[in-house]
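Protein chains in written order, with the UniProt record's numbering: chain E, 1 to 299; chain P, 1 to 270. Worksheet: the structure to be examined is printed underneath.
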């Protein structure tokens, strides 16, 4: 290290550089987070003086309540569906788009476009498409699949899957771009060597390319699960968690209780549970899956 | 060559599925609600300009757009300025607790904004920052700091210390070194984090939803959602409004595509 300044000056410089960011981060991220833990121990409306201290009662109520349990299940279902549907789909499409195609650059931009739209705009677009008797229903009818038409957002058995389709439309481009970047990182020599050893195209893909994509896939899985656990905007605008809580997520449940029913303490408890779930997942995932790939990027 | 034609077929299918909803929205804005109700998937016939015209000449749309822009610019500026300073301290100074501070920021990556929202709302109420663009911009900047620092620190670390030594020999202070050498050298990474912070703030929905009650303060995502529920009977108008709301995001994306993609793929690899 070069020309280390004297102690006091160094400290001054350090606090000048680090101080403002810490102040902002602590003030608007860490303090609210700590306050959430504090409020979660009270039965409080969010107005007037802090209500009655109830200890872990809010947590117990949330964890034993069927609506919250369903919300957790919905988040998990979305996460699992993403893994079994979106991941293979993104890999297949990325492999295809990695071939030498005319207009490939254009294709990549197009596929990625929905990702830059806000979830709010995405939600409104699909609300309009899915209106009963609307665009989606007419297209199905024209394709001879009119019998499939359903109450896409009003049917409790279906609403979550409808939302999943919308989520896939919005986020698939992200997976494809990520995997394409991963594919580009695989040297051509590796594939050529496999081909020289007599491997078929499928064998090369299966035994050489896919394992080398491992790090990219693991990152995608991480982001996808965290995103699924935190799902809010899209669901809130499209269904408000309905009908009859059939599409509640942890985040819509928490906002609903905190801001619509003024159960501030209870909502905070839900928030803390949501955070603990995300954090635990991140720690375990970091420890068991990501460790080989990244050094200290997360956590 | 058979594989190649399958590839083209799939490519066309993918484009179709991606683009058709967007085209439906854009073209729908050129129709009347009656046209849409009687034939949802039809083409405009005749083409109607009223919807777009009404929205482009109403102050509402421009107000939302202006609010979004103001908040995103303030949030981005703060995140990049404070984030680059912190990343500099965390990458070029040796001090006790450095890794602990860094870890604290990285934990922020795992905070869903929803978790902190309830107390954040109270805090903003206490500070009398409700209905205030800063009430949204400051928290958004704060929530953008972790990813900013996580991207910038390795980048700043990789800049050789010989450059620093030379600068010091030439009489530069640390602050001068940061300002005149580090920041220009970090320009590519700075652009990436700026784009990410901007897009995040631009697309945010929950925080503006809680902070703003007065529609004069609404941002575009909030405005779109509200407009949709307000005019749900007038589909054509909502489609035109939504189509126009997509323009800034898609336009910005066309300009910054390489940065967005590069930032996302780069950031997740640490």
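All C-beta atoms in this analysis are idealised placements derived from N, C-alpha and C, irrespective of residue type, glycine included. All values derive from a computational prediction rather than experimental measurement.
query: Does the beta carbon of residue 263 of chain E come closer than 7 Å to any beta carbon on chain P?; result: no
query: Which word fits residue 214 of chain P, buried or exposed, when buried means at least 16 other C-beta atoms lie within 10 angstroms of its C-beta?; result: exposed
query: Does the beta-carbon of residue 258 of chain P have 16 or more other beta-carbons within 10 angstroms, so that it is buried, or is it exposed?; result: exposed
query: What did DSSP end up calling residue 231 of chain P once you bin it into helix, strand or coil?; result: coil
query: Using DSSP's beta-bridge definition, name the partner residues of residue 161 of chain E.; result: DSSP, once it has assigned bridges, lists no residue as partnering residue 161 of chain E.
query: Can you find at least 3 beta carbon pairs, one from the segment 182-192 of chain P and one from the segment 104-124 of chain P, that sit closer than 8 Å?; result: no
query: Straight-line CA distance for residue 168 of chain P to residue 128 of chain P?; result: 46 Å
query: Taking C-beta pairs closer than 9 Å, name the residues in chain E that residue 215 of chain P reaches, listed in chain order.; result: Within chain E, no residue comes near residue 215 of chain P; the closest Cβ sits about 15 Å away, beyond 9 Å.
query: On the DSSP bridge list, what partners appear for residue 52 of chain E?; result: E/43
query: So the alpha helix (DSSP H) residue 259 of chain E belongs to, where does it begin and stop?; result: First-last for residue 259 of chain E: undefined, no H or E at that position.
query: For chain E, check one thing: does any of its Cβ atoms lie closer than 7 Å to the Cβ of residue 125 of chain P?; result: no
query: Between which two residues does the alpha helix (DSSP H) harbouring residue 207 of chain E extend?; result: Neither: residue 207 of chain E is in no alpha helix (DSSP H) and is coded neither H nor E.
query: So is residue 300 of chain E in contact with chain P if we call contact Cβ pairs under 7 Å?; result: This structure cannot settle anything about residue 300 of chain E, because the visible part of chain E is limited to 1 through 299.
query: Please go through the same chain and pick out, in chain order, the residues whose beta-carbon is closer than 7 Å to the beta-carbon of residue 228 of chain P, but skip the five residues on each side of it.; result: 238
query: Along the segment 11-33 of chain P, where does the CB come closer than 8 Å to a CB of chain E? Name the residues.; result: 11, 14, 15, 17, 18, 19, 21, 22, 24, 25, 28
query: Could you pull out every unbroken alpha helix (DSSP H) segment of at least 4 residues lying fully inside the segment 60-89 of chain P, listed in chain order?; result: none
query: So the alpha helix (DSSP H) residue 137 of chain E belongs to, where does it begin and stop?; result: 135-142
query: Within 7 Å (strictly less), CB to CB, does residue 36 of chain E reach chain P?; result: yes
query: Ends of the alpha helix (DSSP H) at residue 171 of chain P?; result: Counting along the chain, residue 171 of chain P falls outside any alpha helix (DSSP H), and DSSP gives it neither H nor E.
query: Could you check if residue 140 of chain P is buried or exposed, using at least 16 other CB atoms within 10 Å of its CB as the buried criterion?; result: buried
query: Rounded to the nearest angstrom, what separates residue 251 of chain E and residue 176 of chain P at their Cα positions?; result: 45 Å
query: Using the beta-carbon count (16 or more within 10 Å), is residue 176 of chain E buried or exposed?; result: buried
query: Measure the C-alpha to C-alpha separation of residue 260 of chain E and residue 206 of chain E and round it to an integer number of angstroms.; result: 51 Å
query: Which bits of chain E does residue 85 of chain P rub up against, with CB to CB less than 9 Å?; result: 16, 17, 18, 19, 20, 21
query: At which residues does the alpha helix (DSSP H) containing residue 156 of chain E begin and terminate?; result: First-last for residue 156 of chain E: undefined, no H or E at that position.
query: Which residues in chain E sit within 7 Å of residue 228 of chain P, going by Cβ to Cβ distance?; result: 124, 127
query: Tell me the DSSP secondary structure of residue 267 of chain E in three-state form.; result: helix
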